[in-house]
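J.:
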DNA sequence: GTCTATACTCTGATAGAC
DNA sequence: GTCTATCAGAGTATAGAC
């Protein structure tokens, strides 16, 4: 797992990964071609393969970088904090990620949609462990009557589903809303109401 | 738009479409190959192309069949019915579709995720029109105080997001829940509570 | 480190026998 | 209507000059 060392290598490597994120998230793994990635990156195709041994290696690198970013907001949910505040902060953070990193969201969605061939281990391990930990926290909050009682895992699923919808189905959301709408601003207000109403005892 | 006439042609045509649905929903358009579809269908590759002029034609046929099924439950929401009953029925029906037609759900998700290149017109037309019609119904129900006031479009988005999540992210849902869980049974109970709590005045 | 040229594989589609 | 054989193009990856 040696990584590029010099500044130029770092820079090119990042350029490639950013271009690849563009192309993979828009077209899926098979739909993306090295030609497209090379063009977006402004490099030649063989040059890509000087920095990464294969197309799949580029894809894998993107996916492994992704997971950390993905789980951080949930990790930040503090058992010692105020339950409703903590949950609403998580919802808001997750929605912000959908807004600011839609490419990452689509890459992840595509991967899971197709059975998570590359992320299965991470999902069954790291992700499941974190969810188990946080459902325990949610359950404790519910048991002590600080928020309404609900199946905690499904509460987490609902946060994922609702926030990612605005990134992953962006085309549909915008088509239905029509122009003169700010999907994410409206989503933030809506989810604020939804989860507050759902969780208040 | 001539369609196969004889019974055998109908049968083979349907076999191909069913196999194609398997492969397209699992791998996406570009990820699917005619070889795979032919193998699943139990036919030779040239034979596929005797029934359909191209790979894309198979895909397009699937997508156009899809939309009707997709919109029917929303269409069935009756302005004259009891608001909460109608909405809960829609939620339940949509979740049943996720459970019984996960391949169709993934095909649709894949299409929208990649910018809806084939369904754009249908989304901006048929789908938007129906949503506009039904948001007016929801708005009227809210105005008359029969359900809680919320942005109606986003209420519909939330139903789509929450129900489709269980089909499209099935792998993740099952991995997180672990064995000895029935995702859809739990989802039904959870969504029942969620929307009832959200909409009750 | 980066490019041009190219090898080789996969895959969509066609030709033509039966 | 269905098959075997095959073509043509796209796409990943490598060789080798600079």
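Chains as they are written, first to last, in the numbering used here: chain P, -19 to 181; chain Z, -19 to 181. Beta carbons: idealized from backbone N, C-alpha and C, even for Gly. Keep in mind the model is a prediction, meaning the values are calculated, not measured.
(1) Quick check on this structure: which residue in 104/Z, 14/Z, 92/Z and 44/Z has the alpha carbon closest to the alpha carbon of residue 30/Z?
(2) Helix or strand or just coil, what does DSSP make of residue 177/P?
(3) Just to confirm before moving on: does the CB-CB distance between residue 107/P and residue 43/P stay below 9 Å?
(4) What residues in the region 119 to 148 of chain P bring their beta carbon closer than 9 Å to a beta carbon of chain Z?
(5) Just reading off the alpha helix (DSSP H) that residue 104/P is part of, what are its end residues?
(6) Is residue -19/P close to chain Z? Criterion is C-beta to C-beta, closer than 9 Å.
(7) Can you check the region 51 to 90 of chain P for any beta strand (DSSP E) of at least 3 residues that lies completely inside it and give the ranges in chain order?
(8) Does residue -11/P come within less than 9 Å of chain Z when only Cβ atoms are used?
(9) If I follow the unbroken alpha helix (DSSP H) through residue 34/P, where does it start and stop?
(10) So which residues of chain Z does residue 65/P contact, with C-beta pairs closer than 9 Å?
(11) Short of 8 Å Cβ to Cβ, which residues in the region 169 to 180 of chain Z face chain P?
(12) Please return the same chain residues whose Cβ sits closer than 6 Å to the Cβ of residue 90/Z, not counting the five positions on each side in sequence.
(13) If you follow the alpha helix (DSSP H) that residue 132/P is part of, which residue opens it and which one closes it?
(14) So what's residue -18/P in DSSP terms, helix, strand or just coil?
(15) Look at residue 133/Z and residue 111/Z and say whether their C-beta atoms are less than 9 Å apart.
(16) Kindly list the residues whose CB is nearer than 6 Å to the CB of residue 118/P, restricted to its own chain and excluding five residues on each side of it in sequence; keep chain order.
(17) Following the continuous alpha helix (DSSP H) through residue -7/Z, name the residue where it begins and the one where it ends.
(18) Residues of chain Z with a CB under 7 Å from the CB of residue 117/P: which are they?
(19) Is residue 139/P near residue 130/Z, with beta carbons less than 9 Å apart?
(20) So which residues of chain P does residue 86/Z contact, with C-beta pairs closer than 9 Å?
(21) Closest to residue 158/P by C-alpha separation, out of 141/Z, 167/Z, 176/Z and 105/Z, would be which residue?
(22) Assuming residue 67/Z contacts residue 149/Z under a Cβ cut-off of 8 Å, what Cβ separation, rounded to an integer in Å, is found between them?
(23) Flag this pair as touching only if the region 20 to 38 of chain Z and the region -17 to 1 of chain Z have three or more C-beta atom pairs under 8 Å; answer yes or no.
(24) Drop a sphere of 10 angstroms on the beta-carbon of residue 55/P, count the other beta-carbons inside from all chains shown, and report buried for 16 or more, exposed for fewer.
(25) By the criterion of Cβ-Cβ separation under 9 Å, what are the contact partners of residue 10/Z in chain P?
(26) Taking C-beta to C-beta, are residue 178/Z and residue 178/P nearer than 9 Å?
(27) Does the CB of residue 100/Z have a neighbour CB from chain P at under 9 Å?
(28) Keeping to the same chain, check which residues put their C-beta closer than 7 Å to that of residue 125/Z; ignore five residues upstream and five downstream.
T.: Based on what the coordinates show:
(1) Start at 1 with the first residue of the second chain, and residue 30/Z comes out as number 50. If we check each option's Cα against that of residue 30/Z, 14/Z comes out closest.
(2) Translated into the one-based positions of the first chain, residue 177/P becomes position 197. In the structure shown, residue 177/P sits in a helix (DSSP, three-state: H, G or I).
(3) Here residue 107/P corresponds to residue number 127 of the first chain, with the count starting at 1. Here residue 43/P corresponds to residue number 63 of the first chain, with the count starting at 1. No, they are not a contact pair.
(4) 128, 130, 131, 133, 134, 135, 136, 137, 138, 140, 141, 142, 143, 144, 145, 146 and 148
(5) Sequence index remark: in the first chain, residue 104/P carries index 124 (1-based). That residue, residue 104/P, is in no alpha helix (DSSP H); it is neither H nor E in DSSP.
(6) Walking along the first chain from the start, residue -19/P turns up at place 1. Reliability of the predicted coordinates at residue -19/P is poor, the pLDDT of 44 falling under 50, and the value obtained from them is presented with this limitation in mind. So, not an interface residue.
(7) none
(8) Counting from one through the first chain, the residue named residue -11/P turns up at place 9. No, residue -11/P lies away from the interface with chain Z (no Cβ there is under 9 Å from its Cβ).
(9) Indexing the first chain from 1 puts residue 34/P at position 54. Run containing residue 34/P: none; DSSP gives neither H nor E here.
(10) Counting from 1 along the first chain, the entry for residue 65/P is found at position 85. None at all; the shortest Cβ gap to chain Z is about 20 Å.
(11) 169, 170, 173, 174, 177 and 178
(12) By one-based count along the second chain, residue 90/Z stands at place 110. 8, listed in sequence order.
(13) As a working mapping, residue 132/P is identified with position 152 in the first chain. That run of the alpha helix (DSSP H) goes 132 to 148.
(14) On the first chain, residue -18/P is found 2 positions in, with the first residue counted as 1. Bear in mind that a pLDDT of 49 at residue -18/P, under 50, signals an unreliable position, so the model cannot answer this.
(15) Taking the second chain and counting its residues from 1, one reaches residue 133/Z at position 153. Taking the second chain and counting its residues from 1, one reaches residue 111/Z at position 131. Result yes, Cβ atoms of residue 133/Z and residue 111/Z sit closer than 9 Å.
(16) Taking the first residue of the first chain as 1, we reach residue 118/P at position 138. These residues qualify, in order along the chain: 132.
(17) Indexing the second chain from 1 puts residue -7/Z at position 13. That run of the alpha helix (DSSP H) goes -13 to 11.
(18) Sequence index remark: in the first chain, residue 117/P carries index 137 (1-based). Under the 7 Å cutoff, chain Z gives no residues; its nearest Cβ is about 15 Å from residue 117/P.
(19) Stepping through the first chain from its first residue, residue 139/P is reached at position 159. Stepping through the second chain from its first residue, residue 130/Z is reached at position 150. Contact: no.
(20) Stepping through the second chain from its first residue, residue 86/Z is reached at position 106. Result: 93 and 94.
(21) Position 178 of the first chain, counted from the first residue, corresponds to residue 158/P. That would be 105/Z, whose Cα lies nearest to the Cα of residue 158/P.
(22) Residue mapping note: residue 67/Z aligns to position 87 of the second chain, counting from 1. Residue mapping note: residue 149/Z aligns to position 169 of the second chain, counting from 1. With a Cβ gap of about 23 Å, residue 67/Z and residue 149/Z do not count as contacting.
(23) yes
(24) On the first chain, position 75 is the one that residue 55/P refers to. Label assigned to residue 55/P: exposed.
(25) What you label residue 10/Z is simply residue 30 of the second chain in a count that begins at 1. Simply 7, 8, 9, 10, 11 and 12.
(26) Along the second chain, read from residue 1 onward, the residue named residue 178/Z stands at position 198. Along the first chain, read from residue 1 onward, the residue named residue 178/P stands at position 198. For residue 178/Z and residue 178/P, yes; Cβs fall inside 9 Å.
(27) The residue given as residue 100/Z occupies position 120 in the second chain. Judged by the 9 Å Cβ criterion, residue 100/Z is in contact with chain P.
(28) Within the second chain, residue 125/Z is the residue found at index 145, counting from 1. These residues qualify, in order along the chain: 181.
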